[in-house]
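In my numbering, the protein residues as written are 73 to 385.
Every residue gets a Cβ at the ideal spot worked out from N, C-alpha and C, and that includes glycine.
This report concerns only the one structure given below.
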């Protein structure tokens with residue numbers, strides 16, 4: 073896809089948010105887009121809805137999604153799915169008419185002290201899952217560090233591992249999507265940029281997550297968007313409160329979702345928007361919302377998309 077630089081907003085107006093929604097925060101700018109409508113493909117983490125992929129698919133379709141992001145099925149993580157399970161999952165999704173936007177793998181969500189080959193071999197398995205589900209995208213992370221070690225301490229080890237993963241991805245015809253996540257090396261915009269520039273591979277791009285930036289004290293759009301936009305290939309939809317880190321529906325937190333969405337549209341983004349609400353619980357390998365809360369998250373994002381004249385399909 074074309075990678076364009078950020079474009080200024082047009083016709084911005086300022087209006088106060090409802091007090092309950094903003095929790096006493098300062099007035100935010102409400103940006104109204106006057107550019108032609110854009111079309112984004114709506115996806116979502118199915119296992120945030122229910123362990124059963126048939127239920128996942130039914131709810132996503134009811135919410136207007138055309139795709140699903142697969143992190144687990146029947147309670148089994150994608151890294152542990154057997155070939156028969158992958159085939160059955162593909163059959164269910166085909167029957168429902170739902171395509172796979174990405175495989176949300178746990179690659180890189182381990183301590184960096186593990187050997188390079190550990191995650192490379194796991195990625196081989198994940199790539200077979202991606203092929204079985206007919207998607208080119210695999211979500212990954214950039215490694216945890218042991219207590220007492222700084223990000224600078226692990227930088228070289230991280231970059232060696234990310235380079236090895238990107239090399240395998242390029243050889244295999246898939247694209248790795250690095251998700252910024254608290255506690256890993258690539259948790260701030262500066263370190264995500266370091267990974268992208270150092271590895272320098274078209275097989276390694278960014279899955280942008282506003283909420284995860286908020287949780288490490290970053291203002292996502294203000295401090296990270298212009299820096300990372302050239303590498304941004306996938307948009308994970310999540311918002312959070314700066315004071316507590318609590319994940320909230322889009323537009324109700326400090327993730328600058330409206331500004332990010334408007335800028336992506338102005339830049340010509342035409343990729344996936346994947347719902348990852350985390351509204352009921354969150355844990356190391358994912359989160360859960362349930363059908364009702366997932367619907368709340370979907371409607372909140374749809375409202376922001378509509379305001380910015382973005383059609384979700």
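Determine the extent of the beta strand (DSSP E) in which residue 250 is found, giving its start and end residues.
On the chain shown, residue 250 is found 178 positions in, with the first residue counted as 1. Unbroken beta strand (DSSP E) run through residue 250: 247 to 251.
From this set, 305, 276, 294 and 327, which residue's C-alpha is nearest residue 283's C-alpha?
For the purposes of this step, residue 283 is taken as the residue at position 211 of the chain shown. Comparing Cα positions, the closest option is 327.
Using 8 Å as the threshold, is the C-beta distance between residue 258 and residue 287 below it?
Reading the chain shown from its first residue, position 186 is the one you call residue 258. Reading the chain shown from its first residue, position 215 is the one you call residue 287. Contact: no.
Looking only at DSSP bridge pairs, what is residue 300 linked to?
For the purposes of this step, residue 300 is taken as residue 228 along the chain shown, with counting starting at 1. None; residue 300 has no bridge partner.
Alpha helix (DSSP H) containing residue 350: first to last residue?
Taking the first residue of the chain shown as 1, we reach residue 350 at position 278. Unbroken run through residue 350: none, as it is neither H nor E.
Start and end of the alpha helix (DSSP H) containing residue 371?
Counted from its first residue, the chain shown places residue 371 at position 299. 362 to 379 is the extent of the alpha helix (DSSP H) around residue 371.
For residue 299, I'd like the list of residues in its chain whose CB is within less than 7 Å of its CB, leaving aside the five on either flank, ordered along the chain.
One-based indexing of the chain shown puts residue 299 at position 227. 261 and 265, listed in sequence order.
Take the Cβ of residue 185 as the centre, count every other Cβ of all protein chains shown within 10 Å, and call the residue buried at 16 or more, exposed below.
Looking up residue 185 in the chain shown gives position 113. Exposed is the call here.
Assigned exposure category for residue 211 - 16 Cβ within 10 Å defines buried
Residue 211 sits at position 139 when you count from the first residue of the chain shown. Residue 211 should be labelled buried.
Own chain residues within Cβ distance below 8 Å of residue 190, not counting five before or after
Counting from 1 along the chain shown, the entry for residue 190 is found at position 118. Same-chain partners within the cutoff: 182.
Could you give the first and the last residue of the continuous alpha helix (DSSP H) run that contains residue 278?
Taking the chain shown and counting its residues from 1, one reaches residue 278 at position 206. First-last for residue 278: 276 to 281, but that is the beta strand (DSSP E), not the alpha helix (DSSP H).
Residue 263, enclosing alpha helix (DSSP H) - first and last residue
Taking the chain shown and counting its residues from 1, the one referred to as residue 263 is at position 191. 261 to 271 is the extent of the alpha helix (DSSP H) around residue 263.
Reduced DSSP category for residue 102 - H, G, I as helix; E, B as strand; rest coil
Translated into the one-based positions of the chain shown, residue 102 becomes position 30. Unreliable placement is indicated for residue 102, whose pLDDT of 48 sits below 50; the coordinate value is still reported in the next sentence. Looking at residue 102 - three-state DSSP - the assignment turns out to be strand.
Can you give me the C-alpha to C-alpha distance between residue 145 and residue 162, rounded to a whole angstrom?
Your numbering for residue 145 matches position 73 in the chain shown. Your numbering for residue 162 matches position 90 in the chain shown. Their backbone Cα atoms lie some 11 Å apart in a straight line.
May I ask which residues mark the beginning and end of the beta strand (DSSP E) holding residue 140?
The count along the chain shown starts at 1 and reaches residue 140 at position 68. That run of the beta strand (DSSP E) goes 139 to 142.
Apart from the five residues just before and just after residue 195, which ones in its own chain have a Cβ nearer than 7 Å to its Cβ?
Taking the first residue of the chain shown as 1, we reach residue 195 at position 123. So the qualifying residues of the chain are 179, 237 and 240.
Segment limits, beta strand (DSSP E) that includes residue 171:
Reading the chain shown from its first residue, position 99 is the one you call residue 171. Where residue 171 is concerned, the enclosing beta strand (DSSP E) stretches over 171 to 176.
Euclidean distance between Cα positions of residue 47 and residue 269:
Because the chain is modelled from 73 through 385, residue 47 falls outside the range shown and cannot be assessed.
Excluding five sequence neighbours on each side, which residues of the same chain lie with their C-beta closer than 8 Å to the C-beta of residue 225?
In the chain shown, residue 225 corresponds to position 153, counting from 1. For residue 225, where only same-chain residues beyond five positions count, the Cβ hits under 8 Å are 217.
Could you give the distance in angstroms between the alpha-carbon of residue 233 and the alpha-carbon of residue 335?
Along the chain shown, read from residue 1 onward, the residue named residue 233 stands at position 161. Along the chain shown, read from residue 1 onward, the residue named residue 335 stands at position 263. So the alpha carbons of these two residues sit roughly 32 Å apart.
Burial state of residue 222, where buried means 16 or more other Cβ atoms lie within 10 Å
Taking the chain shown and counting its residues from 1, the one referred to as residue 222 is at position 150. Exposed, because fewer than 16 other Cβ atoms sit within 10 Å of the Cβ of residue 222.
Spatial neighbours of residue 369 in its chain, beta-carbon cut-off 8 Å, leaving aside the 5 residues before and after:
Working through the chain shown from its first residue, we reach residue 369 at position 297. Result list for residue 369: 309, 321, 322, 347, 349, 351 and 361, in chain order.
Which residues in the same chain have their Cβ closer than 7 Å to the Cβ of residue 253, if we skip the five residues on either side of it in sequence?
In the chain shown, the residue the question calls residue 253 occupies position 181. Closer than 7 Å at the Cβ level, and outside the excluded window around residue 253, lie 213, 259 and 284.
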